[in-house]
Amino acid sequence: DKCRSGSRGALVVLEGLDRCGKTSQSTRLVNNLDELGYPAELFRFPDRNTVIGQMISSYLNSDSQLDNHTIHLLFSANRWEKRSLMESKLQRGITLIVDRYAYSRVAFSAAKGLDIEWCKAPDMGLLAPDLVLYLDISPEFFLSSKRGGYGGERYEQLEFQKKVAQAYQVLRDDSWKIIDANLSVEGVEEQMKSIVLDCAKTCRNGKSLSELWL
Ligand code: FDM
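The sequence shown maps to residues 3 to 216 in the UniProt record's numbering.
1) Taking all protein chains shown into account, do 16 or more other C-beta atoms lie within 10 angstroms of the C-beta of T72, making it buried, or fewer, making it exposed?
2) Given a threshold of 16 other Cβ atoms within 10 Å of its Cβ, counted over all protein chains shown, does K91 qualify as buried or as exposed?
3) Whole angstroms is fine: what's the gap from R85's alpha carbon to H74's?
4) If you measure from the CB of E83, is any heavy atom of ligand 3 nearer than 7 Å?
5) Any heavy atom of ligand 1 inside 7 Å of the beta-carbon of F110?
6) Just to confirm, does R107 get its C-beta within under 7 Å of one of the non-hydrogen atoms of ligand 1?
7) Straight-line CA distance for I99 to Q67?
8) In the structure shown, what three-state DSSP assignment does Y136 receive?
9) Expressed to the nearest angstrom, what Euclidean distance is found between the alpha-carbon atoms of E192 and D117?
10) Taking C-beta to C-beta, are C121 and R102 nearer than 8 Å?
11) For D36, report the span of its alpha helix (DSSP H) as first-last.
12) In terms of residues, what are the limits of the beta strand (DSSP E) holding A42?
13) For D132, is the classification buried or exposed, using 16 other Cβ atoms within 10 angstroms of its Cβ as the cut-off for buried?
14) Closer than 7 Å: is that where the CB of P48 sits relative to any heavy atom of ligand 1?
15) Apply the 10 Å Cβ neighbour rule to R156 and answer buried if 16 or more other Cβ atoms are within range, or exposed otherwise.
16) Evaluate G154 with the Cβ neighbour count: other Cβ atoms within 10 Å of its Cβ, from every protein chain shown; 16 or more gives buried, anything less gives exposed.
17) Given the structure, does Y157 come close to ligand 1, in the sense that its CB is under 7 Å from one of the ligand's heavy atoms?
18) Kindly indicate the opening and closing residues of the alpha helix (DSSP H) around I96.
19) Using the rule of at least 16 other Cβ atoms within 10 Å of the residue's Cβ for burial, across every protein chain shown, is Q24 buried or exposed?
20) Mind listing, in chain order, the continuous alpha helix (DSSP H) runs of no fewer than 4 residues lying wholly within the region 47 to 77?
21) Below 7 Å, is the gap between the Cβ of D69 and the nearest heavy atom of ligand 1?
22) Mapping the DSSP letters down to three states, classify K84 as helix, strand or coil.
23) Cα-Cα, which of D125, A183, A109 is closest to F143?
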């Protein structure tokens, strides 16, 4: 509707290694934004609820085997399935907090040795985030932490996580904010809240949406 045009929501992506706290922080962010008068919703990739998402889920649980290129394209298709929904929500003024996005796939596939340009190509034209928050933990962190349940899925191995951490370093640019995720849950939450609020204000004031890859 016309009175709302020009006051779009922000597209905010959380990235980081497995068990860095992305999921609980994204829920907290949505609640914080809602309270501050910025309607917000949570998205999460992979979205395991679609048919493609179920294929991805069975791969991650090692119930199925797929060629590295095939799984890469499925992860990308899973984001394309949600593109128009995400765009319409943003245009209606809703801020989207997204737990993992294209950077995850590129980092994970690059860690397996796939060519980085090949990895980036299928996500070209997806909505570009206004802000990427990288929750920084050392790959060893989860071993000493009480974050339980680690190691069940395909990628949850220390050596592999170290490679993913290196691949993320290559993808970082100026639009990324690095969050020290070794702090308490509340400490991390406070760091993120003000950064995201600034971003939501900028978008509400008319910053235009753009597309990957910037
Ligand atoms: N993952 C996630 C990828 O490999 N590529 C992607 O594009 C995305 C979005 O899926 F190991 C990996 C990262 C992780 C696994 O993610 C499941 P969650 O956040 O644990 O559900």
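The beta carbon of each residue, even a glycine, is placed where N, CA and C say it ideally should be.
For clarity, every value in this text was computed on a predicted model and none was experimentally measured.
Quick answer:
1) exposed
2) buried
3) Their backbone Cα atoms lie some 17 Å apart in a straight line.
4) Ligands present in the displayed structure are limited to ligand 1, and ligand 3 is not among them.
5) yes
6) yes
7) 31 Å
8) strand
9) Looking at the two C-alpha atoms, the distance is approximately 37 Å.
10) no
11) 24 to 37
12) 42 to 46
13) buried
14) yes
15) exposed
16) Around the beta carbon of G154, fewer than 16 other beta carbons lie within 10 angstroms, which makes this residue exposed.
17) yes
18) No alpha helix (DSSP H) contains I96, which DSSP labels as neither H nor E.
19) For the sequence presented, residue 24 should be read as Lys rather than Gln. The residue in question, K24, is buried, as its Cβ has 16 or more Cβ neighbours within 10 Å.
20) 53 to 62
21) Distances from the CB of D69 to the heavy atoms of ligand 1 are all 7 Å or more.
22) coil
23) Here the closest residue by C-alpha is A183.
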